[in-house]
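S.K.:
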Amino acid sequence: QALITLDMSEYMEKHTVSRLVGSPPGYVGYEEGGQLTEAVRRKPFSVVLFDEIEKAHPDVFNTLLQILEEGRLTDSQGRSVDFRNTVLIMTSNLGTQDLRKANVGFNTGDEAMSYARMRDKVNDALKAHFRPEFLNRVDETIVFHEHGKPEILQMVDMMTKRLTTQLESQGLGIELTQAAKEFLAEVGYDPQLGARPLRRAIQRHLEDALSEKILYKQFAAGQIIVADAEDDPENPGKKHIVFRAVEGFVAPSEPPLVGDGDAVD
281 QALITLDMSE
291 YMEKHTVSRL
301 VGSPPGYVGY
311 EEGGQLTEAV
321 RRKPFSVVLF
331 DEIEKAHPDV
341 FNTLLQILEE
351 GRLTDSQGRS
361 VDFRNTVLIM
371 TSNLGTQDLR
381 KANVGFNTGD
391 EAMSYARMRD
401 KVNDALKAHF
411 RPEFLNRVDE
421 TIVFHEHGKP
431 EILQMVDMMT
441 KRLTTQLESQ
451 GLGIELTQAA
461 KEFLAEVGYD
471 PQLGARPLRR
481 AIQRHLEDAL
491 SEKILYKQFA
501 AGQIIVADAE
511 DDPENPGKKH
521 IVFRAVEGFV
531 APSEPPLVGD
541 GDAVD
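Read in order, the letters of the sequence shown correspond to residues 281 to 545 in my numbering.
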């Protein structure tokens, strides 16, 4: 609830910059306040995320300079908004194109750059795009490694929790074998797009196929559905998800509600 997110691709034009602090007097939206200043004024203890900051119009950085230097920002109504209790985070993709070319797929053993070189390359891209007075007011620049296979496998576990909960409500359990997880991680990872396609891969290869089988009542309550990856006979050289059922699913017990139990005189 304390996170304020601003998509900076919405502030690419010069006239959109005023939306951060509010419309000038006499313009539509003047009384509503700025999207940034009003949000922080209402929640002074917050984290402000500027997503893809490099897409913003250069005039946006003039606004941010006041925040970074003085810890405050004056909105269109003349009110001074205190930013001293906020944490500002800016994300950027600058310099990542070359990094992706150097790190393709999960094979990180032949990385062309060490982390230090990777960080230097990103910092060079930042210096080429942002003015020195802006970068000098940024406390820390953190360069993240690309996702490797272990991280993608963890994401598979996280993204299938919703499916687990849905099946539990129908009296069914589900288990993914290591082969199934690795298959989903492989088809859901793209060197250029990262892990973004993973959600679609899980829906296409796991959820849609499973939904069809449940629709035709191929599984019954009390069973555990085991999802595995096997060679696809219709597509030589490729794998697909297969399902089998084993007995023994026990639904997790719900915690007792506060106040349940026998009354005590």
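Every residue gets a Cβ at the ideal spot worked out from N, C-alpha and C, and that includes glycine.
1. Would you identify the three-state DSSP class for A282, choosing helix, strand or coil?
2. Output needed for D511: all residues of its chain with C-beta closer than 7 Å, excluding positions within five of it in sequence on either side, in chain order.
3. What are the start and end residues of the alpha helix (DSSP H) that includes H409?
4. So within the region 417 to 460, which uninterrupted alpha helix (DSSP H) runs reach at least 4 residues, ignoring any that extend past its ends?
5. Beta-carbon separation of I505 and A525 under 8 Å?
6. Could you have a look at F414 and say whether DSSP puts it in helix, strand or coil?
7. According to DSSP, is D339 helix, strand or coil?
8. Considering R321, what are the terminal residues of the alpha helix (DSSP H) in which it resides?
9. With a 10 Å radius around its C-beta and 16 neighbouring C-beta atoms as the bar for buried, classify A548 as buried or exposed.
10. Does at least one heavy atom of the ligand MG sit under 7 Å from the Cβ of A465?
11. Beta carbon of V301, beta carbon of L286: below 8 Å?
12. Using the C-alpha atoms, what's the distance from F325 back to T366?
13. Does the Cβ of K461 have 16 or more other Cβ atoms within 10 Å, making it buried, or fewer, making it exposed?
14. State the beta-bridge partners of D287 as determined by DSSP.
M.R.: Taking the structure as given:
1. On the sequence shown, position 2 is the one that residue 282 refers to. Note: A282 maps to coil in three-state DSSP.
2. For the purposes of this step, residue 511 is identified with residue 231 of the sequence shown, where counting begins at 1. Hits under 7 Å: K519.
3. Within the sequence shown, numbered from 1, the residue matching residue 409 stands at position 129. Counting along the chain, the alpha helix (DSSP H) containing H409 begins and ends at Y395 to H409.
4. 429 to 439 and 441 to 448
5. Your numbering for residue 505 matches position 225 in the sequence shown. Your numbering for residue 525 matches position 245 in the sequence shown. Yes. Within cutoff.
6. Residue numbering aside, residue 414 sits at position 134 when the sequence shown is read from its first letter. Note: F414 maps to helix in three-state DSSP.
7. Stepping through the sequence shown from its first residue, residue 339 is reached at position 59. In the structure shown, D339 sits in a helix (DSSP, three-state: H, G or I).
8. Counting from one through the sequence shown, the residue named residue 321 turns up at place 41. Counting along the chain, the alpha helix (DSSP H) containing R321 begins and ends at T317 to R322.
9. Residue 548 lies beyond the range of the chain shown here (281 to 545); nothing can be said about it.
10. The ligand content of the structure shown is nil, which means the ligand MG is not present either.
11. As a working mapping, residue 301 is identified with position 21 in the sequence shown. As a working mapping, residue 286 is identified with position 6 in the sequence shown. Not closer than 8 Å, so no.
12. In the sequence shown, counting from the first residue as 1, residue 366 sits at position 86. In the sequence shown, counting from the first residue as 1, residue 325 sits at position 45. Going from the Cα of T366 to the Cα of F325 covers about 5 Å.
13. Reading the sequence shown from its first residue, position 181 is the one you call residue 461. By the 10 Å Cβ count, K461 comes out buried.
14. Within the sequence shown, numbered from 1, the residue matching residue 287 stands at position 7. In the DSSP output, where bridge partners are listed per residue, D287 has D331.
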